[in-house]
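Colleague:
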Amino acid sequence: MSVKILAIETSCDETAAAVIGEKERKPLILSNVVSSQIDIHNKYGGVVPEVAARAHIENILPVIEEALRNGKTKLENIDYIAVTKGPGLVGSLIVGLETAKALAISKEIPLVLVNHLEGHLYANFNNQTKMNFPIVSLIVSGGHTLLLYSKDHLSYEVVGSTKDDAAGEAFDKAAKILGLPYPGGPSIAKAAEKGDDSKYEFPIIDLTPAPYRNDRGFLEYPQASLDFSFSGLKTALLSKVKIQKEMTEEVVAGLAASFQKAIVDNIVKNAILAIGRYRPKTFVLSGGVAANKLLRKKLETEIRKKFPKTNFVVPPFNLCTDNAAMIGIAAYFRIKKEKFLEQEAVPEPNLKIV
Ligand code: KG4
Ligand code: ZN
314 MSVKILAIET SCDETAAAVI GEKERKPLIL SNVVSSQIDI HNKYGGVVPE VAARAHIENI
374 LPVIEEALRN GKTKLENIDY IAVTKGPGLV GSLIVGLETA KALAISKEIP LVLVNHLEGH
434 LYANFNNQTK MNFPIVSLIV SGGHTLLLYS KDHLSYEVVG STKDDAAGEA FDKAAKILGL
494 PYPGGPSIAK AAEKGDDSKY EFPIIDLTPA PYRNDRGFLE YPQASLDFSF SGLKTALLSK
554 VKIQKEMTEE VVAGLAASFQ KAIVDNIVKN AILAIGRYRP KTFVLSGGVA ANKLLRKKLE
614 TEIRKKFPKT NFVVPPFNLC TDNAAMIGIA AYFRIKKEKF LEQEAVPEPN LKIV
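Going letter by letter, the sequence shown gives residues 314 to 667 in our numbering.
1. Taking all protein chains shown into account, do 16 or more other C-beta atoms lie within 10 angstroms of the C-beta of L374, making it buried, or fewer, making it exposed?
2. One question on the structure: do I648 and V425 come within less than 8 Å of each other, judged by their Cβ atoms?
3. Hey, would you say K582 sits closer than 8 Å to I501, going by beta carbons?
4. Please output, in chain order, the residues near the ligand KG4 using a CB cut-off of less than 5 Å to any non-hydrogen atom of the ligand.
5. Expressed to the nearest angstrom, what Euclidean distance is found between the alpha-carbon atoms of A258 and Q557?
6. Between which two residues does the alpha helix (DSSP H) holding T614 run?
7. Please classify G432: does DSSP put it in a helix, a strand, or coil?
8. Would you kindly work out how many angstroms separate the C-alpha atoms of L550 and E470, rounded to a whole number?
9. Across the region 402-417 and the region 358-369, are there enough close Cβ pairs to call them in contact, namely three or more that are closer than 8 Å?
10. Taking Cβ positions only, does V403 come closer than 8 Å to chain D?
11. Let me make sure I understand the geometry here. Which of G358, H433, I490 has the alpha-carbon closest to that of S599?
12. With C-beta atoms as the reference, is A643 less than 8 Å away from Y462?
13. Using the three-state DSSP reduction, which class does Y513 fall into: helix, strand or coil?
14. Following a CB-centred definition, is H433 positioned closer than 7 Å to any heavy atom of the ligand ZN?
15. State the DSSP-derived secondary structure class of L402, mapped to helix, strand or coil.
Next comes the structure, spelled out in structure tokens:
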């Protein structure tokens with residue numbers, strides 16, 4: 314019999330619930346409801362944790378009811394409740410977790426805990442047929458920038474991560490510097506449409522350690538680093554803004570386009586290095602920044618050109634940014650593989666993927 318999962322996600326500023334069913338032994342999204350708090354946080358220029366938690370409390374039950382209604386199902390027909398345990402904001406996570414626990418206890422439905430980052434990655438397993446292992450995946454979100462190598466489902470080796478800001482965080486901070494609204498990624502992408510991306514120069518960051526002399530006096534060259542650093546690009550942007558006479562629309566557009574190109578080029582460089590090193594059958598992009606059109610296009614073009622045998626996969630736009638369908642899909646695989654997170658059903662703001 315096919316399985317039915319109610320998934321709940323409240324790790325940051327989206328209150329989300331989804332119903333996941335099953336078709337031909339693959340997860341199937343029956344409904345996916347996201348109540349965004351962007352308008353609430355916009356006036357503060359970013360997410361205010363206490364405000365986010367309060368909005369989750371107000372939204373969570375109507376959002377769950379809508380997800381069940383859209384999925385043409387009732388709580389009585391749900392086999393599992395999946396919920397994000399972390400990483401995320403503790404006050405936000407707790408609303409989702411406590412709601413999920415209350416429903417699970419009162420209706421005697423088993424609870425499945427999900428790592429938010431695993432959720433982002435598993436947004437790609439929505440009915441995909443070309444997801445062959447080994448997989449190299451890149452999660453680029455507001456809080457994380459992770460390059461992972463997976464030989465099989467639910468197993469990860471971290472092969473690259475950010476040393477400072479996450480990619481989405483860099484977009485958000487850059488937007489603030491340019492006076493553009495929150496969230497920064499979409500507003501920078503929009504401003505960039507009218508700008509010349511060769512107008513301002515930003516560096517390509519290489520964190521590979523310098524060559525060193527070994528014990529016998531020979532020069533040794535360390536392997537190229539797959540780690541990221543974005544805070545220097547932000548500082549470079551700030552110094553370019555400071556020397557402008559006037560922040561005209563044209564200047565902002567040029568800076569936005571050049572900054573976006575720099576972030577994308579830095580990400581693509583490490584992704585291509587990782588594919589060359591690990592030779593995966595599939596390369597998977599995910600997370601909020603995966604909604605960036607330039608990043609999607611450049612990565613696909615470079616992978617096609619340099620590694621035509623590697624399949625490039627990215628979720629549809631609505632499954633890139635936070636949603637509960639991705640949490641339900643990750644839970645689906647945890648259920649099928651009978652491999653569950655062993656921790657307690659309490660929030661873990663810094664939960665790691667491995
Ligand atoms: O995955 P996500 O929804 O939340 C986290 O888990 O953090 O990612 C949100 C991030 C924000 O930093 C936002 O600016 C960025 O994703 N983002 C984008 C775009 N859409 C959202 N960045 C670049 N281009 C976009 N189109
Ligand atoms: Zn996220």
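Even glycine gets a Cβ: it sits at the ideal position worked out from N, Cα and C.
Modeller: With the structure as the only source:
1. Mapped onto the sequence shown, residue 374 falls at position 61. By the neighbour-count rule (16 or more Cβ atoms within 10 Å), L374 is not buried but exposed.
2. For the purposes of this step, residue 648 is taken as the residue at position 335 of the sequence shown. For the purposes of this step, residue 425 is taken as the residue at position 112 of the sequence shown. A contact, by the Cβ cut-off of 8 Å.
3. In the sequence shown, residue 582 corresponds to position 269, counting from 1. In the sequence shown, residue 501 corresponds to position 188, counting from 1. Taking a C-beta distance under 8 Å as the contact criterion, K582 and I501 do not qualify as a contact pair.
4. The filter returns S454, G455, G456, G481, F484, D485, P496, G497, G498, P499, A502, G600, G601, V602, A604, N605, T634, D635, in chain order.
5. In the structure as shown, the chain begins at 314 and stops at 667. Residue 258 is therefore absent and cannot be evaluated.
6. For this step, residue 614 is matched to residue 301 along the sequence shown. Start and end: 606-619.
7. Here residue 432 refers to the residue found at position 119 when the sequence shown is read from its first residue. Look at G432 here: in three-state DSSP terms it is helix.
8. For the purposes of this step, residue 550 is taken as residue 237 along the sequence shown, with counting starting at 1. For the purposes of this step, residue 470 is taken as residue 157 along the sequence shown, with counting starting at 1. Between L550 and E470, the C-alpha separation is close to 33 Å.
9. Between the region 402-417 and the region 358-369 there are three or more C-beta pairs closer than 8 Å, enough to call the two in contact.
10. In summary, chain D is missing from the structure at hand, where a single protein chain is found.
11. Position 286 of the sequence shown holds residue 599. In this structure, H433 is the residue among G358, H433, I490 with its C-alpha nearest to the C-alpha of S599.
12. Your numbering for residue 643 matches position 330 in the sequence shown. Your numbering for residue 462 matches position 149 in the sequence shown. For the 8 Å CB-CB criterion, A643 and Y462 do not form a contact.
13. As a first step, residue 513 is located in the sequence shown; it is residue number 200 there, counting from the start. If DSSP states are grouped into helix, strand and coil, Y513 belongs with coil.
14. In the sequence shown, the residue the question calls residue 433 occupies position 120. Correct: H433 has its Cβ closer than 7 Å to the ligand ZN.
15. Looking up residue 402 in the sequence shown gives position 89. Coil at L402, not helix or strand.
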